[in-house]
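Participant: Let me begin by handing over the structure; questions about it come next.
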Amino acid sequence: MKFTKMQGAGNDYVYVNCFEATVQDPAAVAVKVSDRNFGIGSDGLILIMPSEVADVRMRMFNSDGSESEMCGNGIRCVAKYAYDHGIVAKKEITAETGAGILTLQLFTGAADKVEKVRVNMGPPRLTRKEIPMVGSPDEKVIAEPLNILHSTFNITCASMGNPHCVIFVDDVDNFEVAKYGPLIENHELFPRRTNVEFVQVISRTEVRQRTWERGAGETLACGTGSSAVTAACVLNGLTEKKILNHLTGGDLEMEWSEDGNIYMTGPAVEVFSGEINIDQD
Numbered sequence: 188m189k190f191t192k193m194q195g196a197g198n199d200y201v202y203v204n205c206f207e208a209t210v211q212d213p214a215a216v217a218v219k220v221s222d223r224n225f226g227i228g229s230d231g232l233i234l235i236m237p238s239e240v241a242d243v244r245m246r247m248f249n250s251d252g253s254e255s256e257m258c259g260n261g262i263r264c265v266a267k268y269a270y271d272h273g274i275v276a277k278k279e280i281t282a283e284t285g286a287g288i289l290t291l292q293l294f295t296g297a298a299d300k301v302e303k304v305r306v307n308m309g310p311p312r313l314t315r316k317e318i319p320m321v322g323s324p325d326e327k328v329i330a331e332p333l334n335i336l337h338s339t340f341n342i343t344c345a346s347m348g349n350p351h352c353v354i355f356v357d358d359v360d361n362f363e364v365a366k367y368g369p370l371i372e373n374h375e376l377f378p379r380r381t382n383v384e385f386v387q388v389i390s391r392t393e394v395r396q397r398t399w400e401r402g403a404g405e406t407l408a409c410g411t412g413s414s415a416v417t418a419a420c421v422l423n424g425l426t427e428k429k430i431l432n433h434l435t436g437g438d439l440e441m442e443w444s445e446d447g448n449i450y451m452t453g454p455a456v457e458v459f460s461g462e463i464n465i466d467q468d
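Heads up, the sequence shown is in our numbering, so the first residue is 188 and it goes up one at a time.
Now the structure itself:
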């Protein structure tokens, strides 16, 4: 199987050009290629596919083989690959995802290669039925107490096509993400599990985020998570609508625009290409 390894703010995936190839069992392939000791090493597998309703289609599989609706860092790399490898020839494209069709603006640099992508992530979905969460369907979850072990966290939840639970902490770098992340991910409140963002507010225009990603564990970045964090910051009155989010793998420029949509701008980097024997144990 031919592949290309790409990363956006350190959120790394193995990409397969399905305009030219077919992946028979993407869930199993995702587990194999993601292994950082016996595979390629990644947070998951992303298929770049033809679409009947957009310029390209993205399917994204986590490192445990589960399929997610969307990946904000991943979709920037899909856009870069599509432009740099001649699938599209324009600098504003559409991409079909499990969370709907998104519009992406491409910024090129040297040799006309894409360096940065601005994504219209759409509006945050804030009711329990949209996230989804157990409870009154039309209720929003903003600073709601949640008891985990012997601690109480105030959670703010949103969907950006996939579920997110945002928690504000005083010292995110020393927070026990690996301890609390999986407990919240698999909490009975979330019937489809959830991603969990632990966030420290630095100023009215700056935050620092760590992410426990559903199906992958802690990752260096999460674009849909950064979008949910942007909404949570505003809903809790902690920041302005335009912020710089420092993730472990790099920075994302975020804006909850007056049109109701959240816009994310960040890097997309091609690391290397190669071939792997996916049938070999």
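The beta-carbon is built from N, C-alpha and C at its ideal position, and this holds for glycine as well.
Can you list, in chain order, the stretches of the beta strand (DSSP E) that have 3 or more residues and sit fully within the stretch 306-375?
Facilitator: Correct list: 331-335, 338-346 and 350-355.
Participant: What is the rounded straight-line gap between the Cα of Leu439 and the Cα of Ala408?
Facilitator: Roughly 9 Å separates the two Cα atoms.
Participant: What does the Cβ neighbour count give for Lys192, buried or exposed, with the cut at 16 atoms within 10 Å?
Facilitator: Buried: at least 16 other Cβ atoms inside 10 Å.
Participant: When you compare only the Cα positions, how much space is there between Gln396 and Tyr367?
Facilitator: Cα to Cα, Gln396 sits roughly 15 Å from Tyr367.
Participant: Taking the C-alpha atoms as reference points, what is the distance between His374 and Ser338?
Facilitator: Each residue's Cα considered, the two are about 14 Å apart.
Participant: Locate the alpha helix (DSSP H) running through Ser413, then write down its first and last residues.
Facilitator: Per DSSP, Ser413 belongs to the alpha helix (DSSP H) from Gly410 to Leu422.
Participant: I need the DSSP call for Asn260, collapsed to helix, strand or coil.
Facilitator: Correct three-state label for Asn260: helix.
Participant: Assuming Ser221 is part of the alpha helix (DSSP H), what are its boundary residues?
Facilitator: Where Ser221 is concerned, the enclosing alpha helix (DSSP H) stretches over Pro213 to Ser221.
Participant: Check the DSSP bridge columns for Pro454 and list the partner residues they point to.
Facilitator: Per DSSP, Lys303.
Participant: Tell me the residue span of the beta strand (DSSP E) that contains Lys278.
Facilitator: Where Lys278 is concerned, there is no enclosing beta strand (DSSP E), given that its DSSP letter is neither H nor E.
Participant: Per DSSP, what are the beta-bridge partners of Asp438 in this structure?
Facilitator: For Asp438, which the question treats as bridged, DSSP gives the partners His433.
Participant: What's the C-alpha gap between Gly197 and Glu457?
Facilitator: Their backbone Cα atoms lie some 11 Å apart in a straight line.
Participant: Identify, in the order they occur along the chain, each residue of the same chain with its Cβ nearer than 8 Å to the Cβ of Thr295, setting aside the five sequence neighbours on each side.
Facilitator: Once the five neighbours on either side are set aside, the close Cβ partners of Thr295 are Tyr270, Lys278, Val301 and Glu302.
Participant: Who are the near neighbours of Glu442 in its chain, counting only those whose CB is closer than 6 Å to its CB and skipping five residues on each side?
Facilitator: Closer than 6 Å at Cβ, skipping near neighbours: Lys429 and Tyr450.
Participant: Using the rule of at least 16 other Cβ atoms within 10 Å of the residue's Cβ for burial, across every protein chain shown, is Thr426 buried or exposed?
Facilitator: The residue in question, Thr426, is buried, as its Cβ has 16 or more Cβ neighbours within 10 Å.
Participant: Compare the C-alpha of Ala330 against each of Ile342, Val220 and Val275 and name the closest.
Facilitator: With distances taken between Cα atoms, Ala330 lies closest to Ile342.
Participant: Is the beta carbon of Glu469 less than 8 Å from the beta carbon of Thr406?
Facilitator: In the structure displayed, the chain extends from 188 to 468; residue 469 sits before or after that span and is not available.
Participant: Spatial neighbours of His433 within its chain, please: CB distance less than 6 Å, with the 5 preceding and 5 following residues excluded, ordered by chain position.
Facilitator: Closer than 6 Å at Cβ, skipping near neighbours: Arg395.
Participant: Mind pulling the beta strand (DSSP E) runs of 3 or more residues that sit fully within the stretch 228-256?
Facilitator: Segments of the beta strand (DSSP E) lying fully in the stretch 228-256: 231-236 and 243-249.
Participant: Going by CA-CA distance only, name the one from Asn307, Val364, Pro213 and Cys205 that's closest to Glu445.
Facilitator: Cα-wise, what sits closest to Glu445 is Asn307.
Participant: Could you work out which residue in Pro319, Glu363, Gly348 and Phe355 is closest to Phe377 when comparing CA atoms only?
Facilitator: Comparing Cα-Cα distances from Phe377 to each of Pro319, Glu363, Gly348 and Phe355, the minimum goes to Pro319.
Participant: May I ask you to list the residues that DSSP assigns as paired with Asn198?
Facilitator: According to DSSP, which records beta bridges pairwise, Asn198 is partnered with Gly195.
Participant: According to DSSP, simplified to helix, strand and coil, what is Lys428?
Facilitator: DSSP places Lys428 in coil when its eight states are reduced to three.
Participant: Under a three-way DSSP split, which group does Val265 fall into?
Facilitator: In the structure shown, Val265 sits in a helix (DSSP, three-state: H, G or I).
Participant: Determine whether the beta carbon atoms of Lys267 and Val304 lie at a separation below 8 Å.
Facilitator: Yes, the pair counts as a contact, with Cβ atoms nearer than the cut-off.
Participant: Near Cys264, what residues of its chain come up, given a Cβ to Cβ distance below 6 Å and the 5 sequence neighbours on each side ignored?
Facilitator: Excluding residues within five positions, the ones whose Cβ falls inside 6 Å are Met193, Gly195 and Ala455.
Participant: Taking the alpha-carbon positions, what's the Glu326 to Lys316 distance?
Facilitator: Distance between the alpha carbons of Glu326 and Lys316: 8 Å.
Participant: Starting from the Cα of Ile233, find the closest Cα among Val240, Phe225, Phe206 and Asn224 and give me that residue.
Facilitator: The residue with the shortest Cα to Cα distance from Ile233 is Phe206.
Participant: Roughly how many angstroms lie between the CA atoms of Asn423 and Ile335, to the nearest whole one?
Facilitator: Spanning the two alpha carbons is a distance of roughly 21 Å.
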